[in-house]
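Numbering (my numbering), first residue to last: 5 to 196. Worksheet: the structure to be examined is printed underneath.
Here it is in structure tokens:
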């Protein structure tokens, strides 16, 4: 009988510990990132993947893009944006979009297309952030913020032939839409 009580007590303590840990983990992420309304690309990836893993523990990132907001040309100047969409997928299920709005996950939209493993972004290979990309693009390539439907600077994370790539979109000196692609692991410019 004592052995049974000890085992039951241990199970109850373990279950309570896991619940407390889960609560602390959720709130610490909220404090670290969720308190900010403007996120970098890596912040958005982290927030989005945290929610995606709740949707499906096997979820992997496929494509992350910033979305227009109300800040006009000022948006993205420092490499941060308020609105992001992260496409995720998991084997055997449709893709989903994690809509991130001002530091928080607004919703997860499921069933947006088939899972394609060739689109997987190896998040652990992403070593630079949108802050670096924005600074380097403005300094070295004289990239200007977009106007109108693509306001400010936009950022995209995707895999091209297995290589994680960050693209920044803005305007050139002739006010034409321009994008610069960076190797997300090395920071090297791949194309202008």
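Heads up, the beta-carbon is just placed ideally off N, CA and C, and yes, glycines get one too. Every value quoted in this text rests on a predicted model; they were computed, and no experiment measured them.
Residue 110 versus residue 102 - alpha carbon distance: 8 Å
Contact belief for residue 147 with residue 174 at Cβ below 8 Å, rounded distance in angstroms: 4 Å between Cβ atoms; contact.
Neighbourhood of residue 70 by C-beta, 6 Å cutoff - its chain only, sequence neighbours within 5 removed: 85, 88, 158, 159, listed in sequence order.
Beta strand (DSSP E) segment containing residue 108, residue limits: Note, residue 108: beta strand (DSSP E), 108-114.
Beta-carbon proximity list for residue 21, same chain, < 6 Å, skipping 5 on both sides: The predicted position of residue 21 is uncertain, since its pLDDT is 38 and thus under 50; a value taken from the coordinates is nonetheless stated next. Taken in chain order, the list of residues that qualify is empty.
At least 3 beta-carbon pairs within less than 8 Å: the region 105-120 vs the region 131-144: no
Residue 88 - containing beta strand (DSSP E), residue span: 87-93 is the span of the beta strand (DSSP E), which, as asked, contains residue 88.
Cβ neighbours of residue 46 in the same chain (closer than 6 Å, five flanking residues each side left out): So the list reads 133, once near-sequence residues are dropped.
Alpha carbon of residue 153 to alpha carbon of residue 182, nearest angstrom: 14 Å
Backbone secondary structure at residue 100 - three-state DSSP: Looking at residue 100 - three-state DSSP - the assignment turns out to be strand.
Check whether residue 189 and residue 168 have beta carbons under 8 Å apart: yes
Nonlocal neighbours in the same chain, by C-beta distance under 6 Å from residue 67, ignoring five residues either side: So the qualifying residues of the chain are 91, 162.
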